[in-house]
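Residue numbers (our numbering): 7 to 500.
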């Protein structure tokens with residue numbers, strides 16, 4: 007299109023200041039987040055160090071000979087470890103020397119309950135998979151520690167049932183000793199001490215009745231021996247504490263981004279309102295003198311007819327044509343900022359009128375430019391014919407400014423996209439093209455690299471196509487061999 011040798015920027019100090027302001031805010035937020043994350047990591051390290059103390063205590067506990075001290079330390083260790091287990095921050099599994107699970111804590115409440123109940127509870131395949139994967143994860147984080155353990159402080163071996171007698175007859179106290187299933191093993195009743203091995207069936211039945219009817223009993227317990235096993239454990243990091251800064255780091259930039267978009271949209275509306283108001287005022291101010299000049303040309307036309315002055319008649323006709331053209335231009339400017347009136351427009355007629363306008367002006371330039379319109383049947387579109395003419399006039403003017411060859415070519419090819427129900431106009435020239443670094447900003451207001459003009463031509467084109475006709479325009483390609491645009495407009499076909 008045009009020869010690109012200078013650029014007019016359209017950025018504003020206020021927008022740049024806001025971008026810098028929010029950029030600094032994001033940097034500060036990032037530093038705070040990094041500091042917060044470091045503190046959480048340090049907290050995790052300190053907790054791991056504390057847990058390691060209790061793990062070492064559990065390993066050394068069986069070697070303490072003082073039974074009372076051993077029990078107190080065991081109670082403290084359980085309070086700490088199991089409290090952490092209930093919070094599910096610290097979890098552990100204790101296996102015997104053969105790898106069988108004996109104690110589980112902090113894995114899953116229901117699973118822990120089943121594992122810690124007794125060995126008769128059978129785990130499902132899914133629960134077994136959870137235990138296996140947990141052990142593998144724990145082993146990868148912390149090597150398992152060899153540890154003696156007690157699943158219970160006391161082991162119940164049976165129950166002691168006894169009746170009531172006078173203090174002077176304690177040697178006659180009836181009693182029965184049962185196993186853990188409350189089956190009598192030894193008993194004394196009516197001065198007879200009997201065991202299961204030498205008891206008759208009747209005596210066994212009488213012992214069972216005694217056990218069932220005697221409310222007073224006491225469990226018979228023993229202190230089990232320490233078992234050798236392995237202690238697997240892991241400490242879950244406090245990543246939940248990172249949720250707030252993560253959400254903050256996401257929400258604040260998002261809020262800043264939306265604020266910038268809103269600000270830019272408001273500024274765009276303000277500029278559009280100013281531009282539309284200026285265009286309307288300009289059109290209004292020009293309409294009066296143009297109307298007066300048209301009246302003067304009519305007087306000149308009448309004078310030329312009265313005097314039969316052919317030169318004066320030609321001048322009057324040309325002046326009238328140009329003034330009508332100028333009046334049409336002011337009408338276009340008057341449409342800016344308002345919804346234009348649309349009718350069913352034949353695109354071929356619009357392009358023919360544009361070609362007619364340029365046919366008289368092309369001979370005035372010092373080079374030959376050929377403008378062709380490919381003949382294709384396309385459906386009518388709902389549009390404003392005056393604004394569409396303005397679109398192609400601006401594109402052709404840019405192409406003419408970009409051509410420095412002896413012979414230039416401009417081609418306009420309307421097509422129909424039946425799949426998307428769009429009329430597609432491919433506009434191409436063989437001018438000097440647009441530099442790659444400028445191609446992303448060609449539609450911005452004030453963007454021009456020509457030595458003349460305001461840089462509004464393509465901005466007006468985009469506004470007419472996209473905002474007034476709900477179509478699209480995009481740059482297909484541009485190089486020193488030429489430039490191609492694609493315009494899409496919705497057709498009137500259902």
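Cβ atoms here follow ideal geometry from the backbone N, Cα and C, with glycine treated the same way.
Reduced DSSP category for residue i - H, G, I as helix; E, B as strand; rest coil
i	result
residue 427	coil
residue 29	helix
residue 435	strand
residue 189	coil
residue 481	strand
residue 110	strand
residue 364	helix
residue 449	coil
residue 383	coil
residue 496	strand
residue 421	strand
residue 103	coil
residue 12	A caution first: residue 12 carries a pLDDT of 34, below 50, which makes its placement in the model unreliable, though a value can still be read off. Residue 12: coil per DSSP, three-state reduction.
residue 440	coil
residue 412	coil
residue 376	strand
residue 115	helix
residue 162	strand
residue 347	coil
residue 184	strand
residue 194	strand
residue 254	helix
residue 70	coil
residue 323	helix
residue 154	strand
Environment of residue i [buried if 16+ CB atoms lie within 10 Å]
i	result
residue 443	exposed
residue 105	exposed
residue 497	buried
residue 66	exposed
residue 96	buried
residue 420	buried
residue 240	buried
residue 267	exposed
residue 327	exposed
residue 404	buried
residue 75	exposed
residue 10	Reliability fails at residue 10, whose pLDDT of 37 lies under 50, so the model's placement of it is uncertain and the value that follows must be treated cautiously. Looking at its Cβ environment, which holds 16 or more other Cβ atoms inside 10 Å, residue 10 is buried.
residue 380	exposed
residue 301	exposed
residue 474	buried
residue 463	buried
residue 401	buried
Nonlocal neighbours in the same chain, by C-beta distance under 6 angstroms from residue i, ignoring five residues either side
i	result
residue 485	439
residue 430	421, 423, 494
residue 397	467, 470
residue 417	378, 434
residue 483	490
For residue j and residue i, believed in contact at Cβ under 8 angstroms, the rounded distance
i	j	result
residue 352	residue 399	About 18 angstroms; that fails the 8 angstroms criterion.
residue 165	residue 216	That pair is no contact at about 12 angstroms.
residue 356	residue 414	So it is not a contact: roughly 22 angstroms between Cβ atoms.
residue 432	residue 490	6 angstroms
residue 393	residue 441	About 29 angstroms separates the two Cβ atoms, so there is no contact after all.
residue 407	residue 488	Not a contact, Cβ separation roughly 14 angstroms.
residue 255	residue 39	5 angstroms
residue 153	residue 236	7 angstroms
8 angstroms Cβ shell around residue i - same chain, five flanking residues per side excluded
i	result
residue 209	200
residue 145	238
residue 137	99, 107, 110, 113, 117, 121, 129
residue 169	179, 180, 181, 216, 220, 222
Close beta carbons around residue i, own chain, < 7 angstroms, minus the five adjacent residues each side
i	result
residue 171	178, 179
residue 214	190
residue 499	385, 427
residue 259	32
residue 303	322, 325, 326, 329
residue 93	Low local confidence applies: a pLDDT of 49 at residue 93 is under 50, so the model's placement there is unreliable, with the coordinate-based value given in what follows. Nothing meets the Cβ criterion.
residue 410	438
residue 141	99, 238
Start and end residues, alpha helix (DSSP H) containing residue i
i	result
residue 517	A question about residue 517 goes unanswered here, because the residues of the chain that appear run from 7 up to 500.
residue 212	207-219
residue 139	131-147
residue 1	What is shown of the chain runs 7 to 500, which leaves residue 1 out entirely.
residue 224	Element bounds for residue 224: not the alpha helix (DSSP H) but the beta strand (DSSP E), 223-228.
residue 466	463-468
Residue span of the beta strand (DSSP E) that contains residue i, given as start and end
i	result
residue 240	233-241
residue 200	198-201
Short CB-CB distance (under 8 angstroms) between residue i and chain D
i	result
residue 295	Any reference to chain D falls outside this structure, which holds one protein chain only.
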